[in-house]
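Heads up: the sequence shown runs through residues 12 to 269, numbered per my numbering. All C-beta atoms in this analysis are idealised placements derived from N, C-alpha and C, irrespective of residue type, glycine included.
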Amino acid sequence: MARIWGLVAILLFACPAFAQSPHVENIQIGLSTDSVAITAGFAGADLTIFGSLEDADPQVSRQGRYDVIVVLEGPARPVVVRRKDRVLGVWMNLESEQFENVPVSYSVATTRAFQDITEPNSYKQLSLGASNIYMQPADRSQNPFTIATFTKALRERKTAIGLYSENVGGVRFLSQNLFRATVRLAPDVPVGTHKARAFLFKNGMFVKESSAQLEIHKSGFEQAIFRLAHNHGFAYGLMSIGLAMVTGWLGRIVFRRD
Numbered sequence: 012m013a014r015i016w017g018l019v020a021i022l023l024f025a026c027p028a029f030a031q032s033p034h035v036e037n038i039q040i041g042l043s044t045d046s047v048a049i050t051a052g053f054a055g056a057d058l059t060i061f062g063s064l065e066d067a068d069p070q071v072s073r074q075g076r077y078d079v080i081v082v083l084e085g086p087a088r089p090v091v092v093r094r095k096d097r098v099l100g101v102w103m104n105l106e107s108e109q110f111e112n113v114p115v116s117y118s119v120a121t122t123r124a125f126q127d128i129t130e131p132n133s134y135k136q137l138s139l140g141a142s143n144i145y146m147q148p149a150d151r152s153q154n155p156f157t158i159a160t161f162t163k164a165l166r167e168r169k170t171a172i173g174l175y176s177e178n179v180g181g182v183r184f185l186s187q188n189l190f191r192a193t194v195r196l197a198p199d200v201p202v203g204t205h206k207a208r209a210f211l212f213k214n215g216m217f218v219k220e221s222s223a224q225l226e227i228h229k230s231g232f233e234q235a236i237f238r239l240a241h242n243h244g245f246a247y248g249l250m251s252i253g254l255a256m257v258t259g260w261l262g263r264i265v266f267r268r269d
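Next up, the structure:
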């Protein structure tokens, strides 16, 4: 009899089918559109992102212990931050700091307030939230205090002009498995490829992440000018000079004094 129970124990250990694997949920998202066209009169908009939980635990769902944070992150570009001060009555640039690969825009939506979802260290490890984005300085040999000061100023500036935003409560569960998130597109949202990311938390612990892409581009006359400036810079420069000359000549005729 002992040999039989020993054989059963070996089978349970060796064969995953007999052993009970830990329950792991998954998350999937989909955008209401994969492309957004903006014009010169674009005043901002709300983007809806739908998502679902796979293999969700019904008991955890009923108790409201699932949380989702959705991020729409714009393309990364180098940024120079300058500090101005008054010298002899004139405002001048005294110091500057260059950062590499800084997201131009960063919009966040959450089920609850950040402090109610998980610990601050988790956000730092995931680089989740505007205050946790790693701003890589071009010159790492500078004083850490100086770098931290310019980093804080950069985040505050992005937030002030609406490129970095948070929407607490912007993620809502429509059922135990389905949710909807609303993130904000700023009026001067950058053109390019944006990345939507959804983070799933269970009882304050990070579980899974899912992502999708969104293309933002100009349309109409603005798109034609944008393509000309980027693909045919020399011709665009000549046209700009010609337009300036014609405008000046017309202005001289219209406003000349007899």
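Beta-carbon proximity list for Ser72, same chain, < 7 Å, skipping 5 on both sides: Residue 72 sits at position 61 when you count from the first residue of the sequence shown. Excluding residues within five positions, the ones whose Cβ falls inside 7 Å are Gln187.
Euclidean distance between Cα positions of Lys219 and Gly203: In the sequence shown, counting from the first residue as 1, residue 219 sits at position 208. In the sequence shown, counting from the first residue as 1, residue 203 sits at position 192. Taking the CA atoms as reference points, Lys219 sits about 26 Å from Gly203.
Using the Cα positions of Glu111 and Ile158, report the straight-line distance between them to the nearest angstrom. Within the sequence shown, the letter at position 100 stands for residue 111. Within the sequence shown, the letter at position 147 stands for residue 158. Going by the C-alpha atoms only, they are around 13 Å apart.
With burial defined as no fewer than 16 other Cβ atoms inside 10 Å of the residue's Cβ, what is the status of Ile271: buried or exposed? The chain is shown only over 12 to 269; residue 271 falls outside these bounds and no answer can be derived.
Run through the DSSP bridge pairs and tell me what Leu64 is partnered with. Residue numbering aside, residue 64 sits at position 53 when the sequence shown is read from its first letter. According to DSSP, which records beta bridges pairwise, Leu64 is partnered with Ile38.
Hey, out of Ala56, Glu108, Asp150 and Asn132, whose CA is closest to Thr44's CA? Sequence index remark: in the sequence shown, residue 44 carries index 33 (1-based). Measuring from the Cα of Thr44, the nearest candidate turns out to be Ala56.
For Val191 and Leu185, I'd like the C-alpha separation in whole angstroms. Here residue 191 refers to the residue found at position 180 of the sequence shown. Here residue 185 refers to the residue found at position 174 of the sequence shown. For the record, residue 191 in the displayed sequence is Arg; it is not Val. Between Arg191 and Leu185, the C-alpha separation is close to 7 Å.
How big is the Cα-Cα spacing for Gly62 and Arg76? On the sequence shown, residue 62 is found 51 positions in, with the first residue counted as 1. On the sequence shown, residue 76 is found 65 positions in, with the first residue counted as 1. Taking the straight line joining both Cα atoms gives about 17 Å.
Look at the alpha carbon of Gln109 and the alpha carbon of Ile144, and state the distance between them as a whole number of angstroms. One-based indexing of the sequence shown puts residue 109 at position 98. One-based indexing of the sequence shown puts residue 144 at position 133. So the alpha carbons of these two residues sit roughly 15 Å apart.
So what does DSSP say about Arg208, is it helix, strand or coil? Counting from 1 along the sequence shown, the entry for residue 208 is found at position 197. Residue state, collapsed to three classes: strand.
Is the beta carbon of Ile144 within less than 7 Å of some heavy atom of the ligand FMN? The model on display carries no ligand, and the ligand FMN is accordingly not part of it.
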